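Trainee:
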Amino acid sequence: MKNYYGIGNKNGSVTAKIKVYTKNTGRPSSRTVTDSDSEKSRFRLAKYIAVKELALLYEKAYAELGESAAMIFYIHQMMLEDDTFTDRVCSIIDTRLVNAETAVYDTCIELAEVFNNLDDSYISERRTDVFDICERVIAILKNESRSFPILSEPSIIVADDLSPSELLLPKREFIAGIVLFSSSNNSHTAILADKMKIPMLTRVDSDQNIIASDITATLDSDNGVITTE
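Letter by letter, the sequence shown follows residues 284 to 512 of the working numbering.
(1) Could you work out which residue in Ser448, Gly460, Ser489 and Phe464 is closest to His471 when comparing CA atoms only?
(2) Are the C-beta atoms of Val297 and some chain C residue less than 8 Å apart?
(3) Which residue's Cα is closest to the Cα of Val487: Ser319, Val441, Asn307 and Val397?
(4) By Cβ distance, which residues of its chain are closer than 6 Å to Thr298, with the 5 residues on each side in sequence left out?
(5) Could you name the residues that DSSP lists as bridge partners for Met483?
(6) Run through DSSP, which three-state label would Lys343 get?
(7) What residues are listed by DSSP as bridge partners for Gly291?
(8) The beta strand (DSSP E) that contains Val541, what's its start and end?
(9) Could you give the residue range of the beta strand (DSSP E) that holds Thr499?
(10) Can you say whether Gly291 is buried or exposed, counting buried as having 16 or more other CB atoms within 10 angstroms of its CB?
(11) Can you check whether the CB of Val372 is closer than 8 Å to the CB of Ala386?
(12) Quick check on this structure: which residue in Pro437, Thr315 and Glu350 has the alpha carbon closest to the alpha carbon of Lys300?
(13) Name, in chain order, the residues that DSSP records as bridge partners for Lys425.
(14) Let me check understanding here. Comparing Cα to Cα, which of Ile481, Asn400 and Tyr388 lies closest to Asn515?
(15) How would you call Asp415, buried or exposed, if buried means at least 16 neighbouring beta carbons within 10 angstroms?
(16) Below 7 Å, is the gap between the Cβ of Val303 and the nearest heavy atom of the ligand FMN?
This is how it looks when you write it as structure tokens:
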């Protein structure tokens, strides 16, 4: 048996099999475009669809978890509709003549760095929200679904990080616990998990690759430890 320690959210203990979730968050394949106006139109359509998706998530969260949880997705909508985000993506497309996926990703990196450098732990955690909205837009541009694992039994999700929207995906009742390596208890994901009464550890002091899928573990969020068999 091995113990791994982190910051618990005081939502009790759970024993279940582990499911390791590794996101494909690398830079999208970059290609040169000859018609920047068409590429900007692709981006604006994807952004429009993303805003509609977030509006549905807001309604779902409001109905199931209340207004404070739903506000997370309202904030995501506002970030996505902010002129700074749109103008920067369009500027990159115009000046570099790259595809919309690349422009969105590079804008995401720039904005996340701004949040990361702020001397406020709550505000700096908003970089996770930036990545969430950018991943959503890029997935739409690529006509791909996001890759959260399909769960068929109660499972402890082990990941570097999770987005708030991933906690509201179908079969979320099988998310028995969450172990994150990068996120903190100030993130919107942690706030949402607390609303959902899901035991959770953040800032776990281990390499994600050490913990494997399908082994049984006990997550004790009251004492900040996960024990693997």
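For every residue, glycine included, the Cβ atom is placed at its ideal position computed from N, Cα and C.
Just so you know, these numbers come straight off a predicted model, no measurement behind them.
Mentor: Working from what's here:
(1) Here residue 471 corresponds to residue number 188 of the sequence shown, with the count starting at 1. Closest option to His471, Cα to Cα, is Ser448.
(2) Absent here is chain C; the protein component of the structure consists of one chain.
(3) Translated into positions along the sequence shown, residue 487 becomes position 204. Of the candidates Ser319, Val441, Asn307 and Val397, the one whose C-alpha sits nearest the C-alpha of Val487 is Val441.
(4) Counted from its first residue, the sequence shown places residue 298 at position 15. Only Thr501 meet the Cβ criterion.
(5) What you label residue 483 is simply residue 200 of the sequence shown in a count that begins at 1. Paired residues: Ile461.
(6) Numbered from 1 along the sequence shown, position 60 holds the residue referred to as residue 343. Looking at Lys343 - three-state DSSP - the assignment turns out to be helix.
(7) For the purposes of this step, residue 291 is taken as the residue at position 8 of the sequence shown. In the DSSP output, where bridge partners are listed per residue, Gly291 has Leu484.
(8) Any question about residue 541 goes unanswered here, given that the chain covers just 284 to 512.
(9) Translated into positions along the sequence shown, residue 499 becomes position 216. Taken as a continuous stretch (DSSP letters only), the beta strand (DSSP E) holding Thr499 covers Thr499 to Asp503.
(10) The residue you call residue 291 lines up with position 8 of the sequence shown. The residue is buried, with at least 16 neighbouring Cβ atoms inside 10 Å.
(11) The residue given as residue 386 occupies position 103 in the sequence shown. The residue given as residue 372 occupies position 89 in the sequence shown. Going by C-beta atoms, Ala386 is nearer than 8 Å to Val372.
(12) Numbered from its first residue, the sequence shown carries residue 300 at position 17. Minimum Cα distance to Lys300 is reached at Pro437.
(13) For the purposes of this step, residue 425 is taken as the residue at position 142 of the sequence shown. The partner list for Lys425 (beta bridge, DSSP) is empty, contrary to what the question assumes.
(14) The displayed coordinates of the chain run from 284 to 512. Any statement about residue 515 would go beyond what the structure contains.
(15) Looking up residue 415 in the sequence shown gives position 132. By the 10 Å Cβ count, Asp415 comes out buried.
(16) In terms of ligand content, the structure shown is empty, and the ligand FMN therefore cannot be addressed.
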